[in-house]
Structures are given as C-alpha cells and as structure tokens.
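This report concerns only the one structure given below.
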Ligand SMILES: Cc1ncc(COP(=O)(O)O)c(C=O)c1O
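Residue numbers (my numbering): 934 to 1349.
Dropping the structure here:
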C-alpha cells in the first residue's frame, strides 16, 4: 500500500499507487510535471480549461471578491451580487427571454437539479405521473445519483446496486428510437430527454445530420422536456456560447459547468426556460418551494471566477474559435485513420476529437506513448480523446497530431 491517502477518481489504484503523474504548474495551453517537464494540455484538463491555464484576470477577480465577501450561501432570501449578476448574464444566453438560472457546484449536480426541476414542474402542473427520464447510449452525465442512473456507458453503472427506476436509454444516433421509446413508456409518463449535443466522455460521438432538430421536435410534440447537457459543449467548445445554440432549437433546460469558469473554480448551473420555471415564479408569495440546492450554489468567489472567464471569452473572441479550429483539427487527425491500429477518427464538429483503436486494451498504452511525446490525451473506453484549450492554434494542433502519430508508431513497434 502507498503511504499516500489520495484516492483518484476513475483510477486503477493498483496501478496509480506509487506512480502518480503530478502536475505542478500551468501556463496557457501548457502544463508542467513535478520533474519540470512541459506538456501540451491536449484535453484542457478535464474538458474545461478552454481559456488555457494561469489566467491572471481570473485570479485577480477571485482575490478581489474574497477580500470583499469570501463565502455566503444563497439559500432562502440570501443573495450576493456576483451570483445575481451571473444568473442574469447566463440567462441572456438562453434561446428565449425570461430564463432562470439555478446554480450548483458542477455538471453532475446540474443534471440532478434538471431532473428534479423537470419532475417538480410536472408535479406542479397537473402531470405528476411524468417522471420517466430518457437518455442516449454512450452519454455521460456525471456521477451523481441521476447522472449515474441515466449514463450510457455500461461499466459506470456496474456494482452500485439498484439505480434510479423510471429511466431508459436509447441508441445515440437514432431519433426514431426516441419516438419509439416515448411510445413504449407512454407519452404522458415521460418527463425529460437528456442529450449532449456532441457526446464527449462517452467517446466523442457527433450527432448525425438532422438528429438534434429531430429529437427536439419529438420532445416538443410529446410535451417532454428537452434537456441539453452542455457541460462539455458550451463556452466555445462547439464555437458557440452554449453548444446547443449551434442548432436552431429551443431547449427547455441547458446544463453547464466546466468552461463557465474555465475550470478555475467549481461551478455548474441549469439554465431553465421561462415556461418551465414559471410555476415557481408566480409573482406573489405562496409559490411552490423547490426544496433543493447544494451548499455552494451561488458561491461568490466561484461566480467572480465565472464573470472573469466570460469577460475573457468576450474580449478575446474565444467562443468562435471552437468552430474556426474544428476543420484544422479534423484535417490534422484524418491521416491517423489509415494507421493499422486505428479503427476510426471522429472529429469535425467543434474543437474535440477521438481516435478509436482496433484493440481497446491498448488505449492506456497509447495515452502513455503520447505523453512520452509531451502531449496529454484522455483515455476513453475504446480510444483517446482530445479537446485542447481554445487558445491553441495550428502549431499546437500539428504538435498534437504528430504526437498521436508517434504514439501509434511506438505501439506498433512494441507489438512486433
Ligand atoms: C456532459 C457532461 N455532463 C455532466 C458531467 C458531470 O460534471 P461534473 O464532473 O462536474 O459533475 C460531465 C463531466 O464530464 C459531462 O461531460
């Protein structure tokens, strides 16, 4: 047993124990390990450092806020200025007017919040039987209660005993499968459909043409709430503010986290369309109370970090870069598809991609081989993913593609 107590998420502690990869410093798209070695952060940490590392403006904003008010909750009638203003700013990104914003600490609790708001909305509007939640195969919605239960990556559901009932998963690329599942469950029993516009952690699966519009329309037709899980896709990853706004659809709720602070401090939120929030905002005392909310909802220091990050996205025109960079990334990675160890390269919509291997048992080895080339990539079930900071350019894209190619060559050489 190691002398250290740290238990890493999603880790084989038998392998990690004693062999930790300790990151000590970050600067733009680069990070450094405890031996001083520099790496390209090819994954923006865990899909969140969209602005790159070490942004002074964010640090200064948090410092200023903490001098003034370091922490205070927003339960009941309590509020703080950064939270009030951030909610208005995020509501302004929604498809329609009058949206409300419910804060939390990350993506997973945003998912639980969205599910509970969906069910409470129907409980308050005379349809309490609408409790069923539908999600997509390969989808990832975090590790909280609801997110685990609606997750589309089977190993993430195993060994935890019974999960939430009244949930089901449909194939990720087939809108008709959603229609069929709603009919099977009963259209008046389904509360919400959870949909990542581009599936991230489940393997970077791009939606087929017309899929997002089709599922949004199916939800609308059946009165099912369409929840766009944009925890990865927002804040420029797809070249737009929320990710789902790349399509001409009007989601009922949008979950966000990660890039909202460029990952610098934990913050998540659900942006709730006016009609969904309406039962809780009647304009007079006596409204139904949503008895829900994590301690750190609306934490002023986290909200200050988000304001500073949003300022940077605006000032440096970072949001559009996700779209500008998608073709250069796809072009740079395309030749890897011809490598005998590669099953498929998925890219072309947003600044993210996956390289899937023929033999998934070799994913860890590829990650390490690419790391030896000075580039960090993320292992997924059957391949590795990349989602670099949006401040990268052609030079970093070439470095990334070159390191992946060299890593594959190293793996091929090791096999003979
Ligand atoms: C699409 C999506 N939803 C939800 C989550 C969960 O977010 P968190 O890890 O902040 O709880 C993630 C995390 O990667 C995610 O990618």
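C-beta atoms are modelled at their ideal positions from N, C-alpha and C, and glycine is treated no differently.
Span separating the alpha-carbon of residue i from that of residue j
| i | j | result |
| --- | --- | --- |
| residue 943 | residue 1232 | 27 Å |
| residue 1324 | residue 989 | 15 Å |
| residue 1306 | residue 1125 | 44 Å |
| residue 1248 | residue 1164 | 22 Å |
| residue 1162 | residue 976 | 19 Å |
| residue 1273 | residue 1286 | 19 Å |
| residue 1157 | residue 1186 | 11 Å |
| residue 1260 | residue 1062 | 45 Å |
| residue 1327 | residue 964 | 18 Å |
| residue 984 | residue 1197 | 10 Å |
| residue 1342 | residue 1264 | 19 Å |
| residue 1172 | residue 1240 | 19 Å |
| residue 1195 | residue 1167 | 11 Å |
| residue 1073 | residue 1135 | 6 Å |
| residue 1011 | residue 1223 | 15 Å |
| residue 1127 | residue 1140 | 14 Å |
| residue 1148 | residue 1119 | 16 Å |
| residue 958 | residue 1309 | 14 Å |
| residue 1192 | residue 1347 | 38 Å |
| residue 1339 | residue 1288 | 13 Å |
| residue 961 | residue 986 | 5 Å |
| residue 1088 | residue 1094 | 13 Å |
| residue 1282 | residue 982 | 19 Å |
| residue 1069 | residue 1105 | 5 Å |
| residue 1243 | residue 1169 | 11 Å |
| residue 1262 | residue 1268 | 11 Å |
| residue 1254 | residue 1215 | 40 Å |
| residue 1266 | residue 978 | 20 Å |
| residue 999 | residue 1235 | 10 Å |
Residue i CB to nearest heavy atom of ligand 1 below 7 Å
| i | result |
| --- | --- |
| residue 1297 | no |
| residue 1229 | no |
| residue 941 | no |
| residue 1090 | no |
| residue 1044 | yes |
| residue 1155 | no |
| residue 1307 | no |
| residue 974 | no |
| residue 994 | no |
| residue 1026 | no |
Own chain, CB closer than 7 Å to residue i, minus 5 neighbours either side, in chain order
| i | result |
| --- | --- |
| residue 1037 | 1043, 1046, 1201, 1202, 1227, 1230 |
| residue 1002 | 1013, 1233 |
| residue 1290 | 1274, 1275, 1276, 1296, 1299, 1315, 1316 |
| residue 1369 | Because the chain in this structure spans residues 934 to 1349, residue 1369 falls outside the shown range and cannot be described. |
| residue 1182 | 1145, 1146, 1149 |
| residue 1077 | 1041, 1042, 1044, 1045 |
Proximity of residue i and residue j at Cβ, strictly below 8 Å
| i | j | result |
| --- | --- | --- |
| residue 1029 | residue 1206 | yes |
| residue 1096 | residue 1151 | no |
| residue 1237 | residue 1015 | yes |
| residue 1319 | residue 1333 | yes |
| residue 1071 | residue 1085 | yes |
| residue 1090 | residue 1204 | no |
| residue 974 | residue 1312 | no |
| residue 1344 | residue 1302 | yes |
| residue 1188 | residue 1160 | yes |
| residue 1050 | residue 1066 | no |
| residue 1130 | residue 1177 | yes |
| residue 1075 | residue 980 | no |
| residue 1256 | residue 1137 | no |
For residue i, three-class secondary structure by DSSP
| i | result |
| --- | --- |
| residue 1180 | coil |
| residue 1166 | coil |
| residue 1212 | helix |
| residue 963 | strand |
| residue 1325 | coil |
| residue 1063 | coil |
| residue 955 | coil |
| residue 1069 | strand |
| residue 1005 | coil |
| residue 1336 | helix |
| residue 896 | Nothing can be reported for residue 896: it is not among the residues displayed for the chain, which extend from 934 to 1349. |
| residue 1132 | strand |
| residue 1217 | coil |
| residue 1246 | helix |
Cut-off 8 Å between Cβ atoms - residues of its own chain near residue i, not counting five sequence neighbours on either side
| i | result |
| --- | --- |
| residue 1143 | 1108 |
| residue 1221 | 1053, 1057, 1212, 1213 |
| residue 1245 | 984, 988, 990, 991, 1195, 1251 |
| residue 997 | 1237 |
| residue 966 | 954, 955, 956, 957, 972 |
Beta-carbon proximity list for residue i, same chain, < 6 Å, skipping 5 on both sides
| i | result |
| --- | --- |
| residue 1064 | 1052, 1099, 1124 |
| residue 1034 | 1020, 1023, 1024, 1202, 1204 |
| residue 1336 | 1303, 1306, 1308 |
Residue i CB to nearest heavy atom of ligand 3 below 7 Å
| i | result |
| --- | --- |
| residue 1074 | Ligands present in the displayed structure are limited to ligand 1, and ligand 3 is not among them. |
Proximity test, Cβ basis, 8 Å: residue i and chain D
| i | result |
| --- | --- |
| residue 1312 | Judged by its chain identifiers, the structure shown contains no chain D, having just a single protein chain. |
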